[in-house]
Amino acid sequence: MNHSMVSEFVFLGLTNSWEIQLLLFMFSSIFYMASMLGNSLIVLTVMMNPHLHSPMYFLLANLSITDLGVSSVISPKMIYDIFRKHKVISFGGCIAQIFFIHIIGGVEMVLLIAMAFDRYVAICKPLHYFTIMSRKMCLLLLVAAWIIGFIHSVVQLGFVVKLPICGPNIIDSFYCDFPRFIKLACTDTFRLESMVTANSGFISLGSFFILIVSYIFILITVRKHSSGSSSKALSTLSTHVMVVILFFGPCIFVYIWPHSTSHLDKFLVVFDAVLTPFLNSVIYTLRNKEMKVAMKKVCSQFIIYGRIS
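With the first letter of the sequence shown counted as 1, position 59 gets the number 391 in this note's numbering; the numbers rise by one all the way through.
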């Protein structure tokens with residue numbers, strides 16, 4: 333059949349209320365900038381401080397890089413469009429946004445699992461920690477994360493990119509993603525919607541339960557000890573659990589219930605794209621004395637350099 337393919341999509345945005353738009357603009361702008369600065373500082377701190385060249389901080393720095401990516405894929409376009417009456421994105425831009433959202437999301441998912449494995453080895457097998465979590469293993473985990481993220485994104489996109497979209501071209505959201513994109517196709521998409529739910533939704537749900545069970549197992553191991561190192565491990569563990577809940581919560585809701593007519597999923601994505609990356613950087617720094625000391629040193633070096641120049 334001949335279909336008149338659309339060349340651009342129109343976003344309806346989050347709300348038409350000027351007061352809420354102003355609030356969203358201020359909220360999104362402040363937390364987006366804070367997220368970019370916080371996560372960039374974490375990456376610089378880990379790179380510049382030799383004491384932080386350990387597997388845990390290597391994975392943390394890469395998690396901050398993915399948080400920078402998550403914020404940059406959705407937030408700038410959302411902030412730019414808040415006060416615009418005609419919110420548009422090209423077909424290619426929409427596909428690119430979907431691709432990067434899922435490749436970065438897949439990488440972050442694997443990195444969180446890798447960080448859980450790192451804590452398991454550190455707490456349950458401390459004598460073999462540097463043997464198991466070697467530099468080669470860390471690089472292997474990072475490469476695996478990007479390969480899995482790439483496959484996760486491309487597999488779904490391969491089925492969706494050739495869908496016949498002949499109108500309407502209106503997306504009831506502020507960003508492009510599979511559930512709402514598929515609904516615009518002028519063909520039966522039940523199987524594709526089920527595939528997206530299985531690929532993104534149940535993988536997120538399964539990974540979340542695996543991580544929670546893993547952390548419960550580690551927690552039981554930690555409680556058997558009463559040393560200072562165990563207390564430090566418990567503090568680090570609670571930090572990781574908070575990050576896992578912040579990341580997986582919105583993902584599970586959006587993809588397990590992709591047919592929901594509720595607007596809650598849009599506000600959850602705002603939370604996931606703007607607030608979660610900022611909270612990740614705050615959680616990992618405020619609850620980590622070693623990281624706070626190292627970040628103060630880096631900031632002092634920049635201040636001294638600025639005065640000299």
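Quick reminder that beta carbons are idealized off the backbone N, C-alpha and C, glycines included.
Being a predicted model, the structure only gives us computed values, none of them experimental.
Assuming residue i and residue j form a contact by the criterion Cβ under 8 Å, report the distance between their Cβ atoms to the nearest whole angstrom.
i: V554; j: L578; result: About 22 Å separates the two Cβ atoms, so there is no contact after all.
i: Y587; j: G533; result: 3 Å
i: F510; j: V528; result: 5 Å
i: P387; j: C470; result: 5 Å
i: I374; j: S632; result: Contact doesn't hold; Cβ gap of about 16 Å is too wide.
i: V285; j: F432; result: Outside the shown range of the chain (333 to 641) lies residue 285, about which nothing can therefore be said.
i: V606; j: S396; result: Not quite, the Cβ-Cβ distance comes to about 15 Å (not below 8 Å), so this is no contact.
Is the beta carbon of residue i sitting closer than 8 Å to the one on residue j?
i: S339; j: Y364; result: no
i: F491; j: L524; result: yes
i: I514; j: L489; result: no
i: F549; j: P582; result: no
i: N394; j: P609; result: no
i: I427; j: F357; result: no
i: F540; j: V576; result: yes
i: C508; j: Q429; result: yes
i: F599; j: S536; result: no
Going along the chain, which residues of its own chain have a beta-carbon closer than 6 Å to the beta-carbon of residue i, five neighbours each way excluded?
i: N503; result: The sequence shown places Ile at residue 503, rather than the Asn named in the question. Excluding sequence neighbours, I503 sits near F341, F343 and R512.
i: I643; result: In the structure displayed, the chain extends from 333 to 641; residue 643 sits before or after that span and is not available.
i: L516; result: I497
i: V601; result: none
i: L543; result: A448 and V576
i: S336; result: The predicted position of S336 is uncertain, since its pLDDT is 46 and thus under 50; a value taken from the coordinates is nonetheless stated next. Closer than 6 Å at Cβ, skipping near neighbours: C498.
i: A477; result: V439, V442 and L443
Assign residue i to one of two classes, buried (16 or more other C-beta atoms within 10 Å of its C-beta) or exposed (fewer than that).
i: E440; result: buried
i: C456; result: exposed
i: T617; result: buried
i: H385; result: exposed
i: I362; result: exposed
i: L391; result: buried
i: S367; result: buried
i: A530; result: exposed
i: S407; result: buried
i: H460; result: exposed
i: L611; result: buried
i: N348; result: exposed
i: I421; result: buried
Give me, in chain order, the residues of the same chain whose beta-carbon lies closer than 8 Å to that of residue i; leave out the 5 immediate sequence neighbours on both sides.
i: K646; result: A question about residue 646 goes unanswered here, because the residues of the chain that appear run from 333 up to 641.
i: H572; result: L444, M447, A448, R451 and Y547
i: L376; result: V630
i: M379; result: A393
i: M465; result: P387, D450, V453 and A454
i: M627; result: L373, I374, T377 and T617
i: T521; result: L495, I514 and K515
By Cβ distance, which residues of its chain are closer than 7 Å to residue i, with the 5 residues on each side in sequence left out?
i: I480; result: G438 and V442
i: D597; result: F585 and V586
i: L473; result: A446
i: E351; result: none
Checklist entry - What are the uninterrupted segments assigned as beta strand (DSSP E) that are 3 or more residues long and contained completely in the region 456 to 500, given in chain order? => result none
Checklist entry - Where in the region 522 to 564 do unbroken runs of the alpha helix (DSSP H), each at least 4 residues long, occur, reported from the N-terminal end onward? => result 522 to 528 and 535 to 555
Checklist entry - What residue ranges within the region 370 to 433 form continuous alpha helix (DSSP H) runs of no fewer than 4 residues, ordered along the chain? => result 387 to 413
Checklist entry - In chain order, which alpha helix (DSSP H) runs of at least 4 residues are fully inside the region 571 to 617? => result 596 to 602
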